[in-house]
Structures are given as structure tokens and as C-alpha cells.
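With the numbering used here, letter number 63 in the sequence shown gets 131, and the count goes up by one each step, no holes.
From the three backbone atoms N, C-alpha and C, an ideal C-beta is built for every residue, glycine too.
Heads up, the thing below is written out as C-alpha cells.
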Amino acid sequence: MLKHLHIENFALVSRLDIEFGEGMNVLTGETGAGKSIIVGAIARLLGEKADQTDIRSGTGLAVIEADFNIGDNDDIIKILDQAEIEHNRKTISMRREIVLNKPSKSLINGQLVTLTQLRDITRPMAELFGQHSHQQLLDEKNHLGFLDRFAGLSDKVDELRQVFHDWQNSAQQLKRLESRKETEKKERELLLFQKDEIEKAGINIGEEEELLAERKILDSARLLGEKASLILRILDQDENAALNILGTCRKELSDMAAIDKKLEPETELMESAIINLEELRTRIEAYLSSIPDDPDRLEQINLRLDEIYRLKKKYGGSEEAILETLRQINFQLGRRIDVEEQLKILRADEKKLRLRYTETALEISAIRRKASQKLSRVVEKELNQVGINSAKFDFEFIYESDPVGLEFEGKRIRPFPEGFETGRFLVSANPGEPLKPLARTASGGEISRIMLALKAADKQKSGKYKMLLVFDEIDAGIGGRTAAMVASRLADLAKSSQLLVITHLHQIASLSDDHYAVEKVESSDRSKRNIVAVKHLGSADRKKEIERMLSLPENANV
């Protein structure tokens, strides 16, 4: 319940403080007096987006404050606790600051909150009905939401939306994997083939270099043999062989050393030279006998080198790159899912979510049907009380056929986030007329009264907390006896809710518990600008205001 409203530098308001009563509060005044400005200020407190034009000309800050009595309401307290806002379970203070050329601020009990938090917290505290609400009622997309609120299904439908979202995500993942199944299979087969190819090749670092060296020898075997044979001939096989000549030299040096001892070192050098050449001859003979003459081995080497060259070209240009490719392939195979196993998991998950959705949607459908019958009875009764006699009201459930949809009552229908059905309100405002869609048949005055009837029906069902209901232009398109009936119904509704009604009808004003007159007055400062003023009317002033609304002379009896 709204106890106190403070408005400062908002639109044409310089400063206003209003104390509201528990029952029906009405605001009256001439057209353009500023009644809707007060409603606009309340709307900003409820989380409506602010605008720079909200700030009074010549100032830089608009402030709207309110004190609400929350009366131990568990729903509100739960939201406050979730937002970690301190409270005393009885009252909360709200403040909205609209700053020139800066983002607006929202505070609850002195704590900054986001606009989303502000809306969530105030949603169970207050509701505003105006031309925007009428447009909502005329939009058939909103009708199912009206029914769900009446049926107490809002939380259940939120749960269903989440299940639907999870189910659709699972179904999309399944569809994508099934479409990728062949691609995944081919990619896996390719990786396995490449892994097998490299592993079977058994490439080793340095192998190519070793093979090239061996092939070079095999390719040059004849040349090497010829050169080795030539060396052997030079050493000891020809007539003038080196060893023969050195042998003669050794004999001559030995004879000389026998005469001159100083030549003994030279004799030793000659002996060493001969020994080294004999060792060289032995080694060359051994090398000559070891020179390979193996065409089969040469062919093997060439085949092996061809394989290494092919793998290098395919996998990166070096033995190291080939082995790195193998490591990467093993890594990818380790990460790559088994498509069939993953499909099995996804199919089970999709089925589980689909069954959960179906079960919840069927439960919601049953509750909706039962609630729609009750809502029809209650709204018809309410409409009769506001002058739409013999009114008929119903909710038409609409199902969309879909050959690949879910089975519902023997048919395949398309599932929606909110359930199996959509729907719309049907109304007949005149006896004998068939039920027709609300948006196509109801007049402006009827829309106002249907909105009132729906809200009255909703309060009959819940009615735990004295919620603030703001009606802006509820009297649009009505007058006379109908206006009196609407006024009476508002007065009844005010027993369970706090009402703030903007009205031009004396019938409504006369039944109010608290009456406020709104007018434009000249400011007391130098600017002499018009500002909005609000006065709480006592009995005498109230009589004068109703006389004004009736356009009666001042001395008339009301």
C-alpha cells in the first residue's frame, strides 16, 4: 500500500507531497491540470523508463520518492531478500532520481538497484491500468497471460518455458550431430588411416640421412673398387710400387746409419713410413673386400627413401614434422567424440526433456481449462455489476496442427514455450449476439469495464495483500448509470485493494474514501510558470469539486 508520495522537479511539478488513504483515492481536475503527471511519476517508481524531458525545465534533477507498507507480504519479502536489500518486513522506501545528461538512479531502502530489480520488487506491490493496459488487453498475445495469472500458473509456466528452452537446445544439438554424423565418421576414418600410415612407416629421426649415405656408397661401388685397386697397385703390386722403392730406401739408410750413427732417427722414420704404408695396404685390401655389390639393397634403400619423401610431402616436409603430425592425430583422436555414443546420450536427453515438457504442459492445460470456466463465470458476474448486462465471456483455446509436433488428444500439435495452447478472450456484450474475439467487438467503454472485471476477478482469487491499483481513465467512454455501477464496483474493489483513480466522473469521485483535486497554479518565484498543485479535499471542498464536475452552480445542493 502506498502511504506517501513525494515528487520534486518532475515535469510541471515543482514539489508535491501526498499522503494516500487505504481505500479508494481519486484525483480529479480539469483536463490538462496534471493528473497524468502524477500517474507518470508513480510509473517511474514502478520501473518505467525515464526520459530527460521528465526533468522540470531549468533544473537538473527530478526526484520521486514513495513509502510503501508491505505488511509482511511474503512474496515481496522474498524478492527483497533475493536482492539482498535490508528491510523491516513492514515498510520500504523507494527513490528514483532522473539526472540531467546522466543515467537515472533507483534506490530501495537507500540501496542502489537496477531497473530490472526495481520492476521485480514493485510488481507484486502495485499495478497501473491506463491506455497502455487497454492496448495489452486488445492484443491477443497477452490473453493467455491473464488466464495464467488468474489460475496461479505464472511460476509453473515459467518452469515450462525453461524446460522448453532446454528441450529445444537438446533437440538442436541432436539435429546438428545427426547432420554431422557422416562428416564426423569420415574425418575419424581419415585420422585413423593417417595414424596407421605413419605408424606402419616407422619413421626415425636421422634415417633419411643414413640411407642417403648408404645409397651413395652403393651407387659408387665400382668407382670405389677401381680406386682402391689402383692404390694397392701403387703401394706394392707394380714394378715401381711404393713399398718396393721404400724397401730399397730403408736398406740404403740402414747401411748409412751403420757408418754414421746420426742417421739412426731417419732410419726409424723410414721404418715407420713403411709400417704405416703396410697398414694402409692392409686396410685398403679390407675395404676393397668390403665394398658392397648388392643391387637388392640399393633397391630397398630407394623404395624406403621414396616412402620417406612421400610422407614428408604429405605431412610437413621433415621427419620431425611427420612425427609431430602423428602426435597431433593421436591428440585429436583422444578428443574426438564417439559419434554413436554421443548420439545415444543426446537422444536420451532429448527424450527425457520432451517427456518432462509434455507432462508439465498437460498439467498446465488441465488447470487452464478449469480456470477458464471459473474466470468466465466470475467475469460475467463482474460485467453485469458494471452495466454490461447478460454479458457472455469465454476463453477460446487455440491449437496449431503440426505433423511433426507432439501428440495431444489424438492429434499432432505444435508445442510453444507456454504450453500446447495459445488463446484469446471472447465476449458478447449484447443479448443474442454470438461470442466474438474481444479485440474485434468491444468498444472503448467496454474495454475499460472488462479490464476492471478481470482485475476484480483476480483480486477475488488472491486478495492476500492490499496492492495499489492505479486506474488512469477507467471512465473512458462511459457515463450515467454505467458510471455509477463502475463507481460502485471500484468502491467494492477498494475493500481489498488500495485504489488510485484518475477520473472525470462525479459518480466515481463521490464514492471515494480520499479525494484530491489537481490544478495548475502560478509559481511563487520570479518565473511565474505554471506548476501542478494537489489538495486533499475536506467535505466542503469536495462538495465544490463535485459541483464543478457536474457543472452545477455553486449554490446547488449535492
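Thinking just about the alpha-carbon of each residue, which of Ser564, Ser357, Glu514 is nearest to the one in alanine 289?
Ser357
Do you know offhand how far leucine 292's Cα is from glutamate 320's?
36 Å
Any heavy atom of the ligand FMN closer than 7 Å to the CB of leucine 520?
The ligand FMN is absent from the structure shown, which contains no ligands of any kind.
Out of Asn457, Ala525, Leu506, state which residue places its alpha-carbon closest to the alpha-carbon of glycine 500.
It is Asn457 whose Cα lies nearest to the Cα of glycine 500.
Out of Phe493, Gln441, Arg480, point me to the one whose CA is closest to serine 469's CA.
Arg480
Quick one: Cα of glutamine 453 to Cα of lysine 438, how far?
23 Å
Identify, in the order they occur along the chain, each residue of the same chain with its Cβ nearer than 6 Å to the Cβ of alanine 460, setting aside the five sequence neighbours on each side.
Sequence check: residue 460 is lysine here, not alanine. Within the same chain, lysine 460 has close Cβ partners Ser496, Leu503.
Straight-line CA distance for leucine 311 to alanine 325?
Their backbone Cα atoms lie some 20 Å apart in a straight line.
So the candidates are Ile86, Ser82, Leu337, Val94; which of them puts its Cα closest to the Cα of threonine 127?
Of the candidates Ile86, Ser82, Leu337, Val94, the one whose C-alpha sits nearest the C-alpha of threonine 127 is Ser82.
Please determine if the region 366–376 and the region 242–252 are in contact, where contact requires at least 3 C-beta pairs separated by less than 8 Å.
no
Out of Leu212, Asp149, Arg248, Thr571, which one is the CA nearest neighbour of glycine 547?
Thr571
Using the Cβ count rule (16 or more neighbours within 10 Å means buried), how would you classify glutamate 450?
buried
Excluding the 5 residues flanking alanine 151 on each side, which residues of the same chain have their C-beta closer than 7 Å to its C-beta?
Val181, Gln185, Ile189
Leaving out the 5 sequence neighbours to the left and right, which residues in its chain are closer than 6 Å to glycine 531 when beta-carbon positions are compared?
Note that glycine 531 scores 49 on pLDDT, short of 50, meaning its location in the model is unreliable; the coordinates nonetheless yield the value given after this. Excluding sequence neighbours, glycine 531 sits near Ser564.
What does DSSP give as the partner residues of isoleucine 160 in its beta bridges?
Phe136
In chain order, what residues of the same chain lie with their CB nearer than 8 Å to the CB of leucine 259, ignoring the 5 residues before and after it?
The residues are Ile397, Gln400, Leu401, Arg404.
On the DSSP letters alone, give me the boundaries of the alpha helix (DSSP H) that lysine 249 sits inside.
222–269
Taking its Cβ as the centre, do 16 or more other Cβ atoms sit within 10 Å of threonine 316, making it buried, or is it exposed?
Result: exposed.
Please state if the CB of valine 602 and the CB of isoleucine 144 are separated by a distance shorter than 8 Å.
no
Secondary structure at lysine 534, three-state DSSP: helix, strand or coil?
coil
Output the boundary residues of the alpha helix (DSSP H) element that contains tyrosine 425.
407–453
Straight-line CA distance for glutamate 265 to aspartate 417?
38 Å
Going by DSSP in three states, histidine 211 sits in which element: helix, strand or coil?
Histidine 211: helix per DSSP, three-state reduction.
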